[in-house]
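All remarks here apply to the structure that follows.
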Amino acid sequence: MLDTAEILKKVRQIEIKTKGLTNHIFAGEYHSAFKGRGMSFSEVRDYHFGDDVRSIDWNVTARFNHPFVKIFEEERELTVMLLVDMSESSSFGTQKRDKRDLITELCAVLAFSAIKNNDKVGVIFFSDGMEKYIPPKKGKSHILFIIRELLSFTPKRKGTNIKETLRFFNNAAKKRSIVFLLSDFLSGEYQDALNIAAKRHDMVGIQVYDQRDRELPPVGLIQVADAETGATQWIDTTDRRVRQYYEHQFAQHAQYCKNAFMKSGAELMTIRTDEDYVKALQTFFLNRA
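Per the working numbering, the sequence shown runs over residues -19 to 269.
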């Protein structure tokens, strides 16, 4: 567990890295990817050659005996909700970082991108139940608070229940939001709850996984433990059937996740802990624009 000084240092490191990415890479892409509710009247200005005649404000034109056009701007005021898996399996990692570290950085990038576009950001931490709710707000201090919580929060339970989390959110959220659901998606069924959420909100799943979630190296007899149940057992990783079964289990969860998001009409990104998440996010934003 990090002490206060270590948490503050880590928050600062994440702020510098992710805010820099937001300023130089993601700000425009985010704005284009997530549109506002529509266009609202902003002001009038003098008519210029080439302006659409349909935008002429005839009342103002008649009053000043000179053509004026209406200027409209996009209504943003969007709410971004981060639904973050804090279960014990998210602390697993064997490459550059564990899944929790990657999720924290992803949340920071998304949050800074949102507030740069004057959007609100809220968070739900979940395990096999709802752990903590941070209401949507704007501002840098709010984002830094979210990052501190991501680094320091200790869940009361170890398991994962995506279905109940989505049910809670569906009941609690009255306003349409942009929702990022970040998890390894390695347990449970959640199709019906995801269908409802995707109809009401702009829903995006981010599946974060480690290479060792997917495959076992042939390193001999090892003791493994389920991070969420605590159950342990000895397995022989030199046995090809054991490794194939392990890979098959991961593939089943991954395919269920992919199908669930596809059926609901929601979108899904998949990012491995040793991969460049910058490229993955940029590709996602550009594809939506």
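Every residue, glycine too, gets a C-beta built ideally from N, C-alpha and C. Predicted, not measured: the structure shown is a model, and the values here were computed from it.
Segment contact: the stretch 146 to 156 against the stretch 77 to 96, fewer than three CB-CB distances shorter than 8 angstroms; contact not assigned. DSSP places residue 204 within a strand segment (E or B) once states are collapsed to three.
In the structure shown, residue 249 adopts extended strand secondary structure according to DSSP, grouped into three states. Exclusion of the five residues before and after residue 161 leaves 63, 185 as the residues of its chain whose Cβ lies within less than 6 angstroms of its Cβ. Counting only runs of 3 or more residues that sit fully inside the stretch 23 to 87, the beta strand (DSSP E) segments are 48 to 55, 59 to 65, in chain order. The closest CA to that of residue 249, considering only 26, 187, 34, 28, is found on 187.
Rounded to whole angstroms, the gap between the alpha carbons of residue 120 and residue -12 is 15 angstroms. Selection 72, 157, 221, 36 evaluated against residue 58 yields 157 as nearest (Cα-Cα). Contiguous alpha helix (DSSP H) elements confined to the stretch 122 to 168 occur at 142 to 152, taking only those with 4 or more residues.
Apart from the 5 residues on each side of it in sequence, residue 139 sits with its Cβ closer than 7 angstroms to the Cβ of 67, 107, 108, 208 in its chain, given in chain order.
One alpha carbon belongs to residue -7, the other to residue 96, and they sit about 19 angstroms apart.
Closest in C-alpha terms to residue 36, from the list 93, 49, 136, comes 49. DSSP, reduced to helix, strand and coil, places residue 0 within a helical segment of the structure shown. Taking the C-beta atoms as reference points, residue 92 is found nearer than 8 angstroms to residue 2. Closest in C-alpha terms to residue 180, from the list 154, 166, 219, 201, comes 154. Pairing residue 9 with residue 38, the inter-Cα distance amounts to about 36 angstroms. Distance check between residue 230 and each of 189, 268, 244 places 189 closest, using alpha-carbon atoms only.
By the Cβ neighbour-count rule, residue 71 is exposed, with fewer than 16 other Cβ atoms within 10 Å of its own. In this structure, the alpha-carbon of residue 143 lies about 49 angstroms from that of residue 34. Residue state for residue 199 is assigned as coil, using DSSP reduced to three classes. Around the beta-carbon of residue -3, fewer than 16 other beta-carbon atoms lie within 10 Å, marking it exposed.
Separation of residue 203 and residue 256 (C-alpha to C-alpha, rounded to the nearest whole angstrom) is 31 angstroms. Comparing C-alpha distances from residue 28 to each of 47, 136, 41 shows the shortest one belongs to 47.
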